[in-house]
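>
Protein chains: 4
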Amino acid sequence: MFDPIRAIDIVEEMSVADLVSGFSGCAFGAGRIATACEIYREMLEDSDCLVFFGLAGAMVPAGMRKVVSSEIKAGNIDVLVTTGANIVHDVIEAIGLPHLKGTEVVDDVKLYKSKINRIYDVFLPESYFSNLEEWLQGEVFPNLPQAVSIRELCSAIGERLEDPHSILKCAFDAEVPVFCPAVQDSIIGLQAWLYKQSNSFTIDALADMQELIDLCYEAKRAGAFFVGGGVPKNFILQSMLLTPKDFDYAIQLTMDRPETGGLSGATLDEARSWGKIGENAKSVTVYSDATITLPLIVAAAKDGGKRVPTS
Amino acid sequence: MFDPIRAIDIVEEMSVADLVSGFSGCAFGAGRIATACEIYREMLEDSDCLVFFGLAGAMVPAGMRKVVSSEIKAGNIDVLVTTGANIVHDVIEAIGLPHLKGTEVVDDVKLYKSKINRIYDVFLPESYFSNLEEWLQGEVFPNLPQAVSIRELCSAIGERLEDPHSILKCAFDAEVPVFCPAVQDSIIGLQAWLYKQSNSFTIDALADMQELIDLCYEAKRAGAFFVGGGVPKNFILQSMLLTPKDFDYAIQLTMDRPETGGLSGATLDEARSWGKIGENAKSVTVYSDATITLPLIVAAAKDGGKRVPTS
Amino acid sequence: MFDPIRAIDIVEEMSVADLVSGFSGCAFGAGRIATACEIYREMLEDSDCLVFFGLAGAMVPAGMRKVVSSEIKAGNIDVLVTTGANIVHDVIEAIGLPHLKGTEVVDDVKLYKSKINRIYDVFLPESYFSNLEEWLQGEVFPNLPQAVSIRELCSAIGERLEDPHSILKCAFDAEVPVFCPAVQDSIIGLQAWLYKQSNSFTIDALADMQELIDLCYEAKRAGAFFVGGGVPKNFILQSMLLTPKDFDYAIQLTMDRPETGGLSGATLDEARSWGKIGENAKSVTVYSDATITLPLIVAAAKDGGKRVPTS
Amino acid sequence: MFDPIRAIDIVEEMSVADLVSGFSGCAFGAGRIATACEIYREMLEDSDCLVFFGLAGAMVPAGMRKVVSSEIKAGNIDVLVTTGANIVHDVIEAIGLPHLKGTEVVDDVKLYKSKINRIYDVFLPESYFSNLEEWLQGEVFPNLPQAVSIRELCSAIGERLEDPHSILKCAFDAEVPVFCPAVQDSIIGLQAWLYKQSNSFTIDALADMQELIDLCYEAKRAGAFFVGGGVPKNFILQSMLLTPKDFDYAIQLTMDRPETGGLSGATLDEARSWGKIGENAKSVTVYSDATITLPLIVAAAKDGGKRVPTS
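The structure is reproduced here in structure tokens:
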């Protein structure tokens with residue numbers, strides 16, 4: 001009735017797909033990685049499935065932007081919901097300003113005096129934000145209509161970027177809509193407000209919901225891939241509430257925990273009680289650092305995943 | 001140079017203020033509670049200090065709304081930044097629909113079939129959302145101007161509530177502005193969109209930023225009390241970026257962790273590198289469940305805090 | 001069928017018992033604190049219940065030793081299982097060497113050069129260990145029989161201490177047996193080995209198990225209070241395995257999480273599958289910092305807990 | 001002065017070594033995996049380095065035993081310190097009793113009635129412990145001298161196992177000493193006590209410390225690889241305290257957190273203040289599920305790690 005645990009075997013020249021195959025006989029986090037990879041493969045192979053990707057956290061500064069942008073290019077993401085921070089840092093990289101590998105063991109007051117901003121062990125010079133301001137005020141805002149939706153704003157930014165690894169550019173090129181419900185909670189929001197000071201300009205918070213709901217209605221089936229929780233997780237889950245449907249597949253990569261009751265750490269089962277995830281949906285949460293598990297799952301899902309024999 | 005640890009003494013009929021005084025000689029989380037309480041008292045006693053309160057998580061369903069609403073009534077909160085979820089659940093309680101104490105050890109598919117939604121160990125009947133819809137579509141949206149800011153929307157909701165324990169009502173009465181940057185990421189957002197289907201209606205995401213920035217400019221000093229992280233934490237911290245000022249006091253209650261690099265778990269020191277928290281600001285993070293620590297700190301701060309002699 | 005959530009009311013001059021009563025209508029961690037307190041009260045009122053107290057973590061350096069020693073004096077603990085570290089630090093305090101309140105934001109190499117050892121934000125001079133050595137080699141080991149059990153070693157140490165707040169002294173005075181399965185994994189173990197270099201001396205790891213199992217057999221009912229996990233948790237839980245009994249009450253205060261599969265973070269329900277905790281036992285885990293929750297629960301349990309009316 | 005973050009590129013047929021090379025330009029957990037792998041490679045290439053491996057948690061039930069046993073066979077582990085639980089479960093597998101892949105979403109009382117024990121999502125029939133009892137009482141204890149050290153007990157068990165994937169057998173074959181300071185805190189301890197009921201038998205808790213300290217003295221350099229914390233971590237770290245040396249390399253894989261002050265979550269820097277880890281030692285902690293990160297690091301360290309070009 002229950003399968004035996006099959007201990008993973010480490011071999012030389014092991015591929016990521018083999019590692020994840022090896023995980024399939026294991027328990028705890030290892031077993032969950034294997035399940036996540038299996039669900040991701042199924043989600044991608046299901047041509048009727050609309051794939052939503054929720055990107056929270058500071059994944060771009062950590063070096064994860066090409067994982068996301070290449071999944072967009074590969075047609076593996078149909079709808080992206082993210083945070084203002086990930087957009088800001090994607091644009092910063094895209095206009096040629098690299099994040100720096102620093103350290104978290106540091107005197108932050110000294111950093112401040114050196115005009116270096118810190119995101120855990122990532123550093124970025126404060127001056128980047130002047131460059132960002134110049135680009136946004138010069139290239140983006142003046143070319144926008146007086147009233148835009150957030151989805152249109154993201155699209156307009158992507159359209160103006162040239163970096164082939166930019167998430168926003170790839171999303172624009174692939175016609176993947178990008179939603180960012182709390183865009184004003186970011187430097188882009190502050191810059192939009194600055195622009196509004198001397199120009200007639202509004203961002204209608206509700207204007208892109210029709211498009212999202214239309215997408216949900218049209219989808220035969222739906223899958224969700226949540227990197228972290230936050231607004232992207234909730235926004236994706238609630239998008240189904242206005243349709244008679246629910247998610248058929250769901251993967252969550254997080255370090256948050258259920259016991260504090262917040263949505264970010266909530267189990268995917270909790271979402272079943274709301275009818276957001278379906279009764280028979282396949283779902284898994286991997287409680288581990290997403291900068292490790294996201295590349296691992298994406299790399300493994302790329303390959304057929306010939307099973308390594310373990311005994 | 002370093003004070004000795006003073007072991008806490010538990011006595012009979014101990015007051016919360018005495019307990020927290022006892023914590024002041026302790027280390028780890030206990031010591032941080034004492035520091036948080038001290039900073040909160042200082043923040044409140046500093047009549048030039050504008051107090052920002054960031055309320056993330058699902059604090060209202062957990063039974064924390066009166067802690068927040070009574071702090072507003074007491075004049076201890078000047079600006080509230082919160083999530084759509086906390087607003088939705090505050091309104092649900094305020095229109096007479098109580099959350100229920102359930103359990104997290106449950107079959108969520110069965111719950112779904114019984115039309116019960118779950119938030120960890122809190123249950124709420126799905127039918128509540130019909131009542132909420134009726135109230136919002138009947139009482140609130142038709143009485144709003146065609147274009148509102150999110151702050152105005154929150155205020156309009158509070159104005160129409162009668163429950164003296166409602167956060168939104170108390171905020172309206174006390175003229176405390178409520179900001180909610182991702183309001184569309186909530187049932188209120190979905191309802192606003194529904195209303196917009198047959199009415200001319202927009203929520204301008206940028207419209208309330210001027211008011212927030214004016215508040216920041218006018219403040220001589222500023223303090224931040226973060227319950228959880230998320231959008232409220234970031235929005236409060238970034239509000240100072242457009243002024244030459246920074247926060248003088250900051251308290252964070254969270255279970256999130258720094259190592260994943262997300263803003264919710266970031267240390268308050270990290271915010272110093274950005275100039276959001278001042279070089280000489282007093283700050284502390286308590287890594288513990290906020291449903292325990294928030295009432296503890298608020299209750300202790302209410303009293304003079306006569307120090308319990310420990311030896 | 002389900003009770004409504006009753007929001008907690010913070011009042012002036014609030015007692016800890018009132019705070020915990022207020023938590024009883026709440027959910028998440030707050031609700032669990034109320035349940036823990038209720039179970040603790042029941043455990044203590046049940047005169048047939050043998051109370052096991054598992055003390056892991058670095059609770060003594062953090063200032064928690066009087067909470068434990070006063071519970072021993074009050075007759076609220078019948079059997080103590082702890083770590084070598086808690087014993088070492090209890091002795092250090094008891095021979096007059098106070099731990100110091102330091103900071104975790106520090107250069108550890110500099111500390112090392114200043115001969116200061118760090119336990120998170122607690123400092124202790126390296127010299128303390130010379131004093132400890134002198135005391136153990138002079139007062140304790142020479143007065144022991146050639147072969148001792150760990151329980152006897154703990155007792156012999158307690159017998160020789162004079163500090164009325166020492167856990168080991170109070171346990172000795174109250175005839176509460178102290179078990180410490182991994183005693184060699186501590187400075188006391190290293191000192192015992194040093195003594196053994198020039199003396200015939202053995203610590204029999206199995207010698208005190210009979211006494212523990214006898215205690216378990218004689219108990220009509222049993223309760224467990226786990227502060228942290230580790231060896232104390234497992235040792236207490238397994239003690240019942242050789243009897244036909246199981247625990248009737250269990251409380252766990254921890255920040256560890258279940259998903260990694262380790263015993264420290266395992267739910268108390270998991271222990272039911274092993275028959276360690278009974279089918280109808282009352283149990284609760286509070287996921288929060290134990291330096292905050294232990295004093296809170298102990299202080300509240302001391303009082304009758306007149307319920308604060310909330311509405 | 002600071003290197004730019006290099007975003008990781010996922011390619012087809014990616015090897016684990018390439019994935020970890022890709023992580024080397026990233027931050028947060030991904031960057032730490034790359035550092036851990038680099039330190040592990042250096043530790044193994046340093047022929048004067050004695051490698052200590054601390055194995056806590058329930059790694060064997062999760063399917064990790066072959067990762068450890070094959071590292072022992074490969075000569076990559078010189079000293080193993082582990083918990084009673086890992087030994088018990090290694091023996092259970094080795095005598096032909098497979099752990100089963102179950103689920104953590106389960107009614108533990110039902111499991112108990114079905115005589116199934118649970119370790120998170122691993123199941124094992126209660127009957128296994130009768131088989132284990134039979135084997136230990138029949139094959140192991142009667143063949144031991146009257147007084148053994150724990151190291152000798154582990155060795156005697158390994159000698160009698162035939163499973164080529166058993167950690168204890170591989171350690172015996174490779175003459176790798178296995179220490180298990182809290183062995184009585186496990187079913188093996190309970191079984192030893194049962195045996196002692198009718199036989200003269202003692203386990204001297206101090207008897208193997210000389211051997212450990214000799215190993216430390218003889219080592220020119222030392223490295224530590226900690227999977228989880230607990231007793232193995234502390235025992236390994238303290239082993240250096242009686243020598244003038246310290247660890248030159250240290251890797252820790254854990255989900256525990258520093259803020260609670262316990263040793264399991266303590267940073268490796270904290271150990272520098274004690275002189276356990278050297279001033280110039282290379283060290284890293286990866287905060288992520290060890291059932292994922294241990295195989296990842298071991299697999300990557302096996303290969304040369306040709307760097308994937310990222311831009």
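Protein chains in written order, with the working numbering: chain A, 1 to 311; chain B, 1 to 311; chain C, 1 to 311; chain D, 1 to 311. Even for Gly, the Cβ is constructed at its ideal location relative to N, Cα and C.
#1: Nearest-angstrom Cα distance between residue 127/D and residue 214/D?
#2: Counting only runs that start and end within the region 6 to 31 of chain C, where is the alpha helix (DSSP H) found for 4 or more residues in a row?
#3: Based on the DSSP output, what are the partners of residue 293/B in its beta bridges?
#4: Decide if residue 238/A is buried, meaning its Cβ has at least 16 other Cβ atoms within 10 Å, or exposed.
#5: Using 8 Å as the limit for Cβ to Cβ distance, is residue 272/A near chain B?
#6: Which bits of chain C does residue 9/B rub up against, with CB to CB less than 7 Å?
#7: Tell me, which residues are paired with residue 117/D by DSSP?
#8: For chain D, check one thing: does any of its Cβ atoms lie closer than 8 Å to the Cβ of residue 135/C?
#9: Output yes if chain C places a C-beta closer than 8 Å to the C-beta of residue 119/D; else output no.
#10: At a Cβ cut of 9 Å, what residues of the region 137 to 159 of chain D count as close to chain C, listed as they run along the chain?
#11: Span of the beta strand (DSSP E) holding residue 283/D?
#12: Please tell me whether residue 6/B has its Cβ less than 8 Å away from any Cβ of chain C.
#13: What residue from 216/B, 193/B, 119/B has the CA that sits closest to residue 28/C's CA?
#14: Quick one: grab the DSSP three-state call for residue 258/C.
#15: May I ask you to report which of helix, strand or coil DSSP gives residue 65/C?
#16: Could you tell me which of 179/A, 112/A, 262/A sits nearest to residue 149/A, measuring between CA atoms?
#17: Considering only residues of the region 189 to 252 of chain C, which uninterrupted beta strand (DSSP E) runs meet the minimum length of 3 residues and lie entirely inside it, listed in chain order?
#18: Looking at the C-beta of residue 29/A, does it have a partner C-beta in chain C at a distance below 8 Å?
#19: At the 8 Å Cβ level, is residue 103/A part of the contact set with chain C, yes or no?
#20: Which residues share a DSSP beta bridge with residue 149/D?
#21: According to DSSP, which residues form a beta bridge with residue 50/A?
#22: Can you list the residues of chain A that residue 261/C reaches, using a CB-CB cut of under 9 Å?
#23: Checking contacts by CB at 8 Å: is residue 177/A closer than that to chain B?
#24: Please name the residue in 58/B, 129/B, 271/B whose C-alpha comes closest to that of residue 246/B.
#25: If we ignore side chains and look at the alpha-carbon of each, how far apart do residue 113/B and residue 91/D end up?
#26: Find out if the Cβ-Cβ distance for the pair residue 158/C, residue 141/C is shorter than 8 Å.
#27: List, in chain order, every chain A residue whose beta-carbon is nearer than 8 Å to that of residue 287/C.
#28: Of all the options 33/A, 125/A, 111/A, 95/A, which has the alpha carbon lying nearest to the alpha carbon of residue 134/A?
#29: Is residue 192/C closer than 8 Å to residue 203/C when the C-beta atoms are compared?
#30: Shorter than 8 Å from the beta carbon of residue 319/C to some beta carbon of chain D?
#31: Could you compute how far the alpha carbon of residue 303/C sits from the alpha carbon of residue 13/C?
#32: According to DSSP, is residue 179/D helix, strand or coil?
#33: Grouping DSSP H, G and I as helix and E and B as strand, with all else coil, what is residue 164/A?
#34: Since residue 100/C meets chain B, which of its residues come closer than 9 Å, beta carbon to beta carbon?
#35: Does DSSP put residue 98/D in a helix, a strand or coil?
#36: So what's residue 144/A in DSSP terms, helix, strand or just coil?
If we stick to the structure as given:
#1: On the fourth sequence, position 127 is the one that residue 127/D refers to. On the fourth sequence, position 214 is the one that residue 214/D refers to. Whole-angstrom Cα-Cα distance: 41 Å.
#2: 16 to 23
#3: Residue mapping note: residue 293/B aligns to position 293 of the second sequence, counting from 1. Answer is none; residue 293/B lacks a bridge partner.
#4: Within the first sequence, numbered from 1, the residue matching residue 238/A stands at position 238. Burial call: buried.
#5: Within the first sequence, residue 272/A is the residue found at index 272, counting from 1. Yes - at least one Cβ of chain B is within 8 Å of the one on residue 272/A.
#6: Translated into positions along the second sequence, residue 9/B becomes position 9. Within 7 Å Cβ-Cβ: 66.
#7: Against the fourth sequence, residue 117/D aligns to sequence position 117. Per DSSP, 124/D.
#8: Translated into positions along the third sequence, residue 135/C becomes position 135. Not one chain D Cβ lies under 8 Å of residue 135/C.
#9: On the fourth sequence, position 119 is the one that residue 119/D refers to. Yes, contact with chain C.
#10: 147, 150
#11: For the purposes of this step, residue 283/D is identified with residue 283 of the fourth sequence, where counting begins at 1. 277 to 287 is the span of the beta strand (DSSP E), which, as asked, contains residue 283/D.
#12: Here residue 6/B is taken as the residue at index 6 of the second sequence, counted from 1. Judged by the 8 Å Cβ criterion, residue 6/B is in contact with chain C.
#13: Mapped onto the third sequence, residue 28/C falls at position 28. That would be 119/B, whose Cα lies nearest to the Cα of residue 28/C.
#14: In the third sequence, residue 258/C corresponds to position 258, counting from 1. The answer is helix: DSSP assigns residue 258/C an H, G or I state.
#15: Residue numbering aside, residue 65/C sits at position 65 when the third sequence is read from its first letter. Three-state DSSP puts residue 65/C in a helix.
#16: Mapped onto the first sequence, residue 149/A falls at position 149. Of the listed residues, the one whose Cα sits closest to residue 149/A is 179/A.
#17: 202 to 204, 221 to 227
#18: Taking the first residue of the first sequence as 1, we reach residue 29/A at position 29. Interface residue, yes.
#19: Along the first sequence, read from residue 1 onward, the residue named residue 103/A stands at position 103. For residue 103/A, the answer is no, since every Cβ of chain C falls outside 8 Å of its Cβ.
#20: Start at 1 with the first residue of the fourth sequence, and residue 149/D comes out as number 149. 204/D.
#21: Position 50 of the first sequence, counted from the start, is the residue given in the question as residue 50/A. Bridge partners of residue 50/A: 222/A.
#22: Sequence index remark: in the third sequence, residue 261/C carries index 261 (1-based). Those within 9 Å of residue 261/C in chain A are 27, 28, 29.
#23: For this step, residue 177/A is matched to residue 177 along the first sequence. No, no contact with chain B.
#24: Numbered from its first residue, the second sequence carries residue 246/B at position 246. If we check each option's Cα against that of residue 246/B, 271/B comes out closest.
#25: Walking along the second sequence from the start, residue 113/B turns up at place 113. Walking along the fourth sequence from the start, residue 91/D turns up at place 91. Near 45 Å, if we compare the C-alpha coordinates of residue 91/D and residue 113/B.
#26: Here residue 158/C refers to the residue found at position 158 of the third sequence. Here residue 141/C refers to the residue found at position 141 of the third sequence. Going by C-beta atoms, residue 158/C is not nearer than 8 Å to residue 141/C.
#27: Residue mapping note: residue 287/C aligns to position 287 of the third sequence, counting from 1. Here the neighbours are 257, 259, 260.
#28: Working through the first sequence from its first residue, we reach residue 134/A at position 134. The shortest Cα separation from residue 134/A among 33/A, 125/A, 111/A, 95/A belongs to 95/A.
#29: Position 203 of the third sequence, counting from 1, holds the residue named residue 203/C. Position 192 of the third sequence, counting from 1, holds the residue named residue 192/C. Their beta carbons are under 8 Å apart, which means residue 203/C touches residue 192/C by this criterion.
#30: In the structure as shown, chain C begins at 1 and stops at 311. Residue 319/C is therefore absent and cannot be evaluated.
#31: By one-based count along the third sequence, residue 303/C stands at place 303. By one-based count along the third sequence, residue 13/C stands at place 13. Roughly 15 Å separates the two Cα atoms.
#32: Counted from its first residue, the fourth sequence places residue 179/D at position 179. Residue 179/D: strand per DSSP, three-state reduction.
#33: Against the first sequence, residue 164/A aligns to sequence position 164. Correct three-state label for residue 164/A: coil.
#34: Locating residue 100/C in the third sequence gives position 100, where the first residue counts as 1. Under the 9 Å cutoff, chain B gives 1, 2, 3, 4, 5.
#35: Translated into the one-based positions of the fourth sequence, residue 98/D becomes position 98. Coil at residue 98/D, not helix or strand.
#36: Indexing the first sequence from 1 puts residue 144/A at position 144. Residue state, collapsed to three classes: coil.
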